[in-house]
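*Asks:* Pasting in a structure now, in structure tokens, and then I'll have a few things to ask.
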Amino acid sequence: MRYYFYTFLLVVCSLKMHSQTLSGIVFDENKETIAGASVYLDGTSIGTITDDQGKYELHAANKINTTLVIGFIGYESKIIANPFENPNQKIYLVPKETHLKEVTVIADGFSRADKLKIFREEFLGKTKAGRSCKILNETDISFSYDTKTNQLAAFSSVPIQIQNNYLGYEIAFSLVDFYVNFNLKSIKSADVYSSYLAGTTFYKDNIKKKKAYLEKRKKTYYGSQMHFFRNLSKNIWDKKSFQLFEGSYLANPNDHFQIQKNAGIYTITIKDSTKKKPKSLSDDGSFYKSFNLLYDKSEQSNVVFKSNTFHVDEYGNNEDFDVVLFGGELGKKRAGDMLPMNFTE
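Last residue of the sequence shown: number 345 in the UniProt record's numbering, and the count goes up by one each step with no gaps.
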């Protein structure tokens, strides 16, 4: 999964549909089976571990357009694209290269505590849900700050373990990339102009207390990007949900969006796209259309489409993660407000 933020801007990822079972066997480099390997669908709460014979079986209520991730201590994680195209797999893991990590200390003027603070803000978010999250293994996270580019980067060789006390999930986040760009040599949140996050995630549900979290999860879902894409794909617009505006004028969505469905995927085309540069959400000049959004007559957001065509699945997950950008309320949320791809309200 990849996320891109422009100060208060977030981009999210993908999905698909139809009941499926995934199965397979996991081997090591010597073709011996591996017991206890983790197997999960990225961004979901669907996962398991291999049995004594290295076998696994996953049951997905719907076909999800995401990757299958297989991991085991001491081995490189294996990521399989489009796993539903071949639901029975033989998977071979290769050992990680073991070498001493070279440590280079460069004076940048910022403490580890300051770097952790901004990392928590940009990684988890500053909302109620984000502030309720706790990273259980912060000592596994390392940082570097490039004083030439004013960029903070974070690294972790093991999954970051997140305890979301607001939504009731335990999340294993395998970090691939994380960086925060500042307007000047600073570590303050006020000086952040963009950040980027990429990795794979697995959500473990708190089954015993699931009912206690249902209302909070619904509250988090309503007015979210997932909610917006689900409504957009099904052409649902109303005052209690999302309303579309051009500037300050209420717009008719049918005048702007053409929606076609094929095999559980919605192709959304922007009818009256015009290529011009937005003033605040993008600095590359390549976008087609922007709108303002109002949710429940109170929460204001804006959306920029950098392509005149993109794809959304039945769950409301956007396949083209880099072409739809959000600002305002929809752009404030980070990993602490994210729900599993297979969440249903």
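C-beta: ideal position from N, C-alpha, C; glycine also. As the structure is a computational prediction, the values presented were derived from the model and not from experiment.
1) Go ahead and label Leu-93 buried or exposed: buried means 16 or more other beta carbons lie within 10 angstroms of its beta carbon, across all protein chains shown.
2) Distance check for Ser-194 and Leu-339, CA to CA, integer angstroms please.
3) Quick one: what does DSSP say Asp-283 is sitting in, helix, strand or coil?
4) For a minimum of 4 consecutive residues, which ranges assigned as the alpha helix (DSSP H) are wholly contained in the stretch 81 to 124?
5) Go through its chain and collect everything with a Cβ distance to Ser-186's Cβ below 8 Å, but skip five positions before and after it.
6) Going by alpha carbons, who is nearest to Lys-332 out of Thr-139, Tyr-40, Ala-154 and Lys-126?
7) Helix or strand or just coil, what does DSSP make of Gly-24?
8) Within the continuous beta strand (DSSP E) that includes Ala-212, where are the two ends?
9) Alpha carbon to alpha carbon, how far is Gln-260 from Asn-292? Give it in angstroms, no decimals.
10) Just to confirm my understanding: we take Lys-218, look at its own chain, exclude 5 residues before and 5 after, and list those with CB closer than 6 Å. What are they?
11) Report yes if the C-beta distance between Ile-162 and Phe-155 is below 8 Å; otherwise report no.
12) Can you tell me whether Phe-228 is helix, strand or coil according to DSSP?
13) Taking 8 Å as the cut-off, decide whether the C-beta atoms of Lys-306 and Tyr-288 are in contact.
14) Do the stretch 203 to 216 and the stretch 253 to 267 touch if we need at least three Cβ pairs shorter than 8 Å?
15) If Ser-45 and Tyr-203 are in contact, beta carbons under 8 Å, what's the gap, nearest whole angstrom?
16) With DSSP as the reference, please indicate the residues paired to Leu-294 in a beta bridge.
17) Could you tell me the distance, in whole angstroms, from the CA atom of Ile-80 to the CA atom of Leu-68?
18) Could you pull out every unbroken beta strand (DSSP E) segment of at least 3 residues lying fully inside the stretch 128 to 177, listed in chain order?
19) Only counting the same chain, and skipping five residues up and downstream in sequence, which positions put a Cβ closer than 6 Å to that of Ser-132?
20) What is the DSSP secondary structure of Glu-57, counted as helix, strand or coil?
21) Distance check for Asn-318 and Leu-325, CA to CA, integer angstroms please.
22) Let me know if Gly-327 comes out buried or exposed under the rule of 16 or more other beta-carbons within 10 Å of its beta-carbon.
23) Please classify Ala-198: does DSSP put it in a helix, a strand, or coil?
24) Between which two residues does the beta strand (DSSP E) containing Ser-38 stretch?
25) Closer than 6 Å by C-beta to His-227: which residues in its own chain qualify, once you throw out the five before and the five after it? Chain order, please.
26) How would you label Glu-97, buried or exposed, when you count the other beta carbons within 10 angstroms and need 16 or more for buried?
27) Could you tell me the distance, in whole angstroms, from the CA atom of Thr-147 to the CA atom of Asp-108?
28) Out of Val-39, Thr-50 and Asp-320, point me to the one whose CA is closest to Val-304's CA.
29) Would you mind working out which of Asp-255, Thr-200 and Ile-268 sits nearest Arg-230, comparing C-alpha positions?
*Replies:* In terms of the structure at hand:
1) Residue 93 sits at position 93 when you count from the first residue of the sequence shown. Buried is the call here.
2) Residue 339 sits at position 339 when you count from the first residue of the sequence shown. Residue 194 sits at position 194 when you count from the first residue of the sequence shown. Their backbone Cα atoms lie some 22 Å apart in a straight line.
3) Numbered from 1 along the sequence shown, position 283 holds the residue referred to as residue 283. At Asp-283 the pLDDT is 49, less than 50, meaning the model places this residue with poor confidence and gives no usable figure here.
4) 112 to 124
5) Indexing the sequence shown from 1 puts residue 186 at position 186. Closer than 8 Å at the Cβ level, and outside the excluded window around Ser-186, lie Asn-150.
6) Position 332 of the sequence shown, counted from the first residue, corresponds to residue 332. Looking at the Cα atoms, Lys-126 is the closest of the given residues.
7) Counting from one through the sequence shown, the residue named residue 24 turns up at place 24. If DSSP states are grouped into helix, strand and coil, Gly-24 belongs with the strands.
8) Taking the first residue of the sequence shown as position 1, residue 212 is located at position 212. Where Ala-212 is concerned, there is no enclosing beta strand (DSSP E), although the alpha helix (DSSP H) it sits in stretches over 210 to 221.
9) Here the question's residue 292 lines up with position 292 in the sequence shown. Here the question's residue 260 lines up with position 260 in the sequence shown. Rounded to whole angstroms, Asn-292 to Gln-260 spans 23 Å at the Cα level.
10) Residue 218 sits at position 218 when you count from the first residue of the sequence shown. Result list for Lys-218: Glu-345, in chain order.
11) Your numbering for residue 162 matches position 162 in the sequence shown. Your numbering for residue 155 matches position 155 in the sequence shown. Cβ distance not < 8 Å, so Ile-162 and Phe-155 don't count as in contact.
12) The count along the sequence shown starts at 1 and reaches residue 228 at position 228. Three-state result, Phe-228: helix.
13) Position 306 of the sequence shown, counted from the start, is the residue given in the question as residue 306. Position 288 of the sequence shown, counted from the start, is the residue given in the question as residue 288. Closer than 8 Å, so yes.
14) no
15) On the sequence shown, residue 45 is found 45 positions in, with the first residue counted as 1. On the sequence shown, residue 203 is found 203 positions in, with the first residue counted as 1. The Cβ separation is near 4 Å, so the contact holds.
16) Start at 1 with the first residue of the sequence shown, and residue 294 comes out as number 294. Per DSSP, Gln-243 and Gln-300.
17) On the sequence shown, position 80 is the one that residue 80 refers to. On the sequence shown, position 68 is the one that residue 68 refers to. The straight-line gap from Cα to Cα measures roughly 5 Å.
18) 133 to 135, 142 to 146, 151 to 155 and 160 to 164
19) Indexing the sequence shown from 1 puts residue 132 at position 132. Within the same chain, Ser-132 has close Cβ partners Asn-165 and Tyr-166.
20) In the sequence shown, the residue the question calls residue 57 occupies position 57. Note: Glu-57 maps to strand in three-state DSSP.
21) The sequence position of residue 325 within the sequence shown is 325, counting from 1. The sequence position of residue 318 within the sequence shown is 318, counting from 1. Roughly 11 Å separates the two Cα atoms.
22) Your numbering for residue 327 matches position 327 in the sequence shown. Buried: at least 16 other Cβ atoms inside 10 Å.
23) Residue 198 sits at position 198 when you count from the first residue of the sequence shown. Ala-198 falls in the strand class under three-state DSSP.
24) As a first step, residue 38 is located in the sequence shown; it is residue number 38 there, counting from the start. That run of the beta strand (DSSP E) goes 38 to 41.
25) Working through the sequence shown from its first residue, we reach residue 227 at position 227. Taken in chain order, the residues that qualify are Tyr-221.
26) Residue 97 sits at position 97 when you count from the first residue of the sequence shown. Under this definition Glu-97 is an exposed residue.
27) Translated into the one-based positions of the sequence shown, residue 147 becomes position 147. Translated into the one-based positions of the sequence shown, residue 108 becomes position 108. Taking the straight line joining both Cα atoms gives about 7 Å.
28) Numbered from its first residue, the sequence shown carries residue 304 at position 304. Of the listed residues, the one whose Cα sits closest to Val-304 is Asp-320.
29) Taking the first residue of the sequence shown as position 1, residue 230 is located at position 230. It is Ile-268.
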